[in-house]
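Protein sequences, first through last, are from chains A and B.
Under our numbering, the first residue of the first sequence is numbered 1, with each subsequent residue one higher.
Under our numbering, the first residue of the second sequence is numbered 1, with each subsequent residue one higher.
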Amino acid sequence: TQLLEQSPQFLSIQEGENLTVYCNSSSVFSSLQWYRQEPGEGPVLLVTVVTGGEVKKLKRLTFQFGDARKDSSLHITAAQPGDTGLYLCAGARGTDKLIFGTGTRLQVFP
Amino acid sequence: SAVISQKPSRDICQRGTSLTIQCQVDSQVTMMFWYRQQPGQSLTLIATANQGSEATYESGFVIDKFPISRPNLTFSTLTVSNMSPEDSSIYLCSVESGRSYGYTFGSGTRLTVV
């Protein structure tokens, strides 16, 4: 059973467009992380959110943690080809293992 | 954050053989994690390796198929035993780098079983 469902699964857009990726669960997490993975590499951390309702901005990326700490979203403004990659949310419960979401593969065309 | 060296980066193996993947961390860590990433999919946790004790395996993964060693606080190996084409995946090791840094991953081992 996949605890973290991401949507959409695939996203193909033109440079300059905005997009939102969703990460949903029926479980509560103490923190939620977003990673980006490029081919031939391991995932790289983008952000960690720990407080319900928290919003974090990283340049053109905005991350939000749901009030109930069960869901999160990633919004990218004015997407660029360099944003292309596999985006993964991952939930942690305390110091326990990290559970990854189903993944969203983003392709941004020039 | 921690730096992980993982090898081999890729390999093509015959079915029925075994492959051992190594991960070296540049700092001492309590737990190391091993993940599998099947083609085009997300990461699935195989097991958690603690130094000085047996690894803890997730549902669907067993020690006979994926034996793990953790001889010290900076090193771990994962062996994929008696391989079949269904084992073709990317295998990644990971450590927690602290709350601000999340988890750090090795660059992965791309395994193809023929």
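C-beta atoms are modelled at their ideal positions from N, C-alpha and C, and glycine is treated no differently.
- The alpha-carbon separation between A:G91 and B:S76 amounts to approximately 24 Å.
- Of B:S94, B:G102, B:V114, B:G98, the smallest CA-CA separation from B:Q37 is found for B:S94.
- Here B:T48 has M31, F33, A55, T56 as same chain residues with Cβ atoms under 7 Å from its own Cβ, once five neighbours each way along the sequence are excluded.
- In the DSSP assignment, B:T17 forms no beta bridge with any residue.
- The alpha-carbon separation between A:V47 and B:I63 amounts to approximately 33 Å.
- B:S42 belongs to the set of residues whose beta carbon lies under 9 Å from a beta carbon in chain A.
- Residues of the region 35-58 of chain A whose Cβ lies closer than 9 Å to any Cβ of chain B, in chain order: Y35, Q37, G40, E41, G42, P43, V44, L45, L46, V47, T48, V50.
- B:M31 is bridged by DSSP to B:N50.
- The C-beta of A:L61 comes no closer than 9 Å to any C-beta of chain B.
- With respect to chain B, the C-beta atom of A:A79 has no partner C-beta closer than 9 Å.
- Chain B places a beta carbon closer than 9 Å to that of A:G103, counting this residue as a contact.
- For A:T84, same chain residues with a beta-carbon under 7 Å away, outside a window of 5 residues either side, are L106, Q107, V108 in chain order.
- In the three-state reduction of the DSSP assignment, A:E41 falls in the coil class.
- With respect to chain B, the C-beta atom of A:F65 has no partner C-beta closer than 9 Å.
- In this chain, A:R69 is not harboured by any beta strand (DSSP E), its DSSP state being neither H nor E.
- Chain-order list of chain B residues neighbouring A:F100: S42, L43, by C-beta distance under 7 Å.
- Ranked by Cα distance from A:G66, the first of A:G53, A:P43, A:Q37, A:P8 is A:G53.
- Out of B:D26, B:S1, B:P85, B:L111, the CA that lies nearest to the CA of B:L78 is found in B:L111.
- The beta-carbon distance between B:Y35 and B:I46, rounded to whole angstroms, is 6 Å. This is short enough to meet the 8 Å contact definition.
- Residue environment: A:I99 is assigned as buried (16 or more neighbouring CB atoms within 10 Å of its CB, all protein chains considered).
- Note on B:D87: 16 or more other CB atoms within 10 angstroms of its CB, so buried under the neighbour-count rule.
- In the structure shown, the three-state DSSP call for A:G103 is coil.
- For B:L73 and A:Q9, the gap between their C-alpha atoms comes out near 37 Å.
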